[in-house]
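Here's the structure we're looking at; comments come further down.
Number of protein chains: 2
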Amino acid sequence: MTLDPTDKKLLLLLQTDSKRTTKELSIKLNLSVTAVYERIKKLEREGIIDKYVVLLDKEKVGKGFIVFCHLKLIQHTKDFLTIFESQVTQLPEVLECYHVSGDYDYILKIVVKDMKAYREFLVTKLTTLHHIGSTQSTFMINEVKNTTIVTI
Amino acid sequence: MTLDPTDKKLLLLLQTDSKRTTKELSIKLNLSVTAVYERIKKLEREGIIDKYVVLLDKEKVGKGFIVFCHLKLIQHTKDFLTIFESQVTQLPEVLECYHVSGDYDYILKIVVKDMKAYREFLVTKLTTLHHIGSTQSTFMINEVKNTTIVTI
DNA sequence: TCTGAAACATGCCAGGA
DNA sequence: TCCTGGCATGTTTCAGA
Chain A
1 MTLDPTDKKL LLLLQTDSKR TTKELSIKLN LSVTAVYERI KKLEREGIID KYVVLLDKEK
61 VGKGFIVFCH LKLIQHTKDF LTIFESQVTQ LPEVLECYHV SGDYDYILKI VVKDMKAYRE
121 FLVTKLTTLH HIGSTQSTFM INEVKNTTIV TI
Chain B
1001 MTLDPTDKKL LLLLQTDSKR TTKELSIKLN LSVTAVYERI KKLEREGIID KYVVLLDKEK
1061 VGKGFIVFCH LKLIQHTKDF LTIFESQVTQ LPEVLECYHV SGDYDYILKI VVKDMKAYRE
1121 FLVTKLTTLH HIGSTQSTFM INEVKNTTIV TI
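Structure (structure tokens):
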């Protein structure tokens, strides 16, 4: 499927604020309300628009401490990877987990309240998972940029 | 501000799907439509709910290649940091940028189409920024988990 | 694929418990 | 903080260009 410039503009607007009404969007895009409506429906049907969500202020809900954890497994058989991946997916503190190339196997993005909570997480949850070789934690000092907007 | 169990449940529901109507939410939470409406407005007013957005399928919009880039600056004076940070914020390929503790200064999450596009980005954009010491790229092999849901 | 209008659902605001 | 009720505003469908 090809996205024309109007689709791209529409997706940018929805990525910045999905609460805009179709009427508001129609004005910005010089289209009718129905035309905008149908474009959105098409993008949803095609799966280009994955979902509509609310983003919270992490600080205000007491999850402002972000840690990146680089992790190695002790073995790399398919079974080990599968088990580890299904376990790590269950952990709510882990927002993101990627299998990566390079010196370590996985990179995890973890959100908790503070250092104390992270220590607790590390000791009681992460390092109790099977097959974990080593971990290396990198702490966030400052969030410079954090967006979900993909520019097409 | 304190969040009661109903608020937490409401936030979880909105974080998974913000398109739910207040009517639908009222049924799930055993409240009236207005009560749900007022709780949501309160959460928006307080800034707990930061924003409503659409999330796209990165693969389908040709931005499925994710790279983590660890970066060092050549100097660490405040001016250098500020300039670098304002420049990196402008780059649409950089979804996230954190100032971190440890062996390097920044960790960047970058999305592009493929390896070729990444090379192009690295050569023409990232390494042309001032004061950059070294970069180290880690490529994603597989996305195990990627959520925006913060469990409170 | 677009427009415009009509039917339907939802959001939103009173007023009161 | 909650509820009931009603008006305003939104979404969605459909015929026609």
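First to last, the protein sequences are chains A and B. So the first sequence is numbered by my numbering: it starts at 1 and just counts up by one. So the second sequence is numbered by my numbering: it starts at 1001 and just counts up by one. For every residue, glycine included, the Cβ atom is placed at its ideal position computed from N, Cα and C. Just so we're clear, the structure is a prediction, and the values are computed from it rather than from any experiment.
Beta-ladder partner(s) of residue i, from DSSP
i         : result
B/Phe1084 : Per DSSP, none; premise fails for B/Phe1084.
B/Ile1152 : In the DSSP output, where bridge partners are listed per residue, B/Ile1152 has none listed.
A/Ser18   : DSSP output for A/Ser18 lists no bridge partner at all.
B/Ser1134 : B/Lys1072
B/Val1100 : A/Met140
A/Val94   : A/Ile110
B/Ile1049 : A/Leu56
A/Lys145  : B/Cys1097
Separation of residue j from residue i, as counted between CA atoms
i         : j         : result
B/Asn1012 : B/Arg1020 : Inspection of the sequence shows that residue 1012 of chain B is occupied by Leu rather than by Asn. Using only the alpha carbons, I get a separation of about 12 Å.
B/Asp1017 : A/His130  : 33 Å
B/His947  : B/Lys1028 : Residue 947 of chain B is absent from the model: chain B starts at 1001 and stops at 1152.
A/Lys116  : A/Leu3    : 47 Å
B/Leu1081 : A/Val100  : 28 Å
B/Met1140 : B/Gly1064 : 10 Å
B/Lys1113 : B/Glu1038 : 43 Å
B/Ile1132 : A/Gly133  : 32 Å
B/Arg1119 : B/Lys1145 : 25 Å
B/Pro1005 : B/Val1123 : 50 Å
B/Glu1044 : B/Lys1072 : 38 Å
A/Leu25   : B/Lys1125 : 32 Å
A/Thr127  : B/Val1094 : 31 Å
B/Thr1138 : B/Ile1107 : 11 Å
B/Thr1022 : A/Glu59   : 26 Å
A/Val33   : B/Gly1102 : 52 Å
B/Tyr1104 : B/Ile1074 : 11 Å
B/Glu1096 : A/Gln90   : 23 Å
A/Ala35   : A/Leu10   : 12 Å
B/Pro1092 : A/Lys78   : 35 Å
A/Glu46   : B/Thr1147 : 21 Å
B/Phe1121 : A/Phe121  : 36 Å
A/Lys42   : A/Met1    : 10 Å
8 Å contact criterion, which residue i and residue j should meet: CB distance rounded
i         : j        : result
A/Ile110  : A/Val67  : 5 Å
B/Asn1142 : A/Tyr98  : 7 Å
A/Gln15   : A/His70  : Wrong, their Cβ atoms sit about 29 Å apart, outside the cutoff.
A/Lys154  : A/Ile152 : The question about residue 154 of chain A has no answer here: the residues shown for chain A are numbered 1 through 152.
B/Asp1057 : A/Ile48  : 6 Å
Reduced DSSP category for residue i - H, G, I as helix; E, B as strand; rest coil
i         : result
A/Val67   : strand
B/Ile1040 : helix
B/Lys1125 : coil
B/Val1112 : strand
B/Ile1027 : helix
A/Leu73   : strand
A/Tyr55   : Before going further, note that residue 55 of chain A is Leu rather than Tyr in the sequence given. Strand, per DSSP.
A/Val61   : coil
A/Asp7    : helix
B/Asp1105 : coil
A/Thr89   : helix
A/Thr34   : helix
(request) Could you say if the stretch 47 to 62 of chain A and the stretch 1079 to 1096 of chain B meet the contact criterion of at least three C-beta pairs nearer than 8 Å? (result) When C-beta atoms of the stretch 47 to 62 of chain A are compared with those of the stretch 1079 to 1096 of chain B, fewer than three pairs fall below 8 Å, so the two segments do not count as touching.
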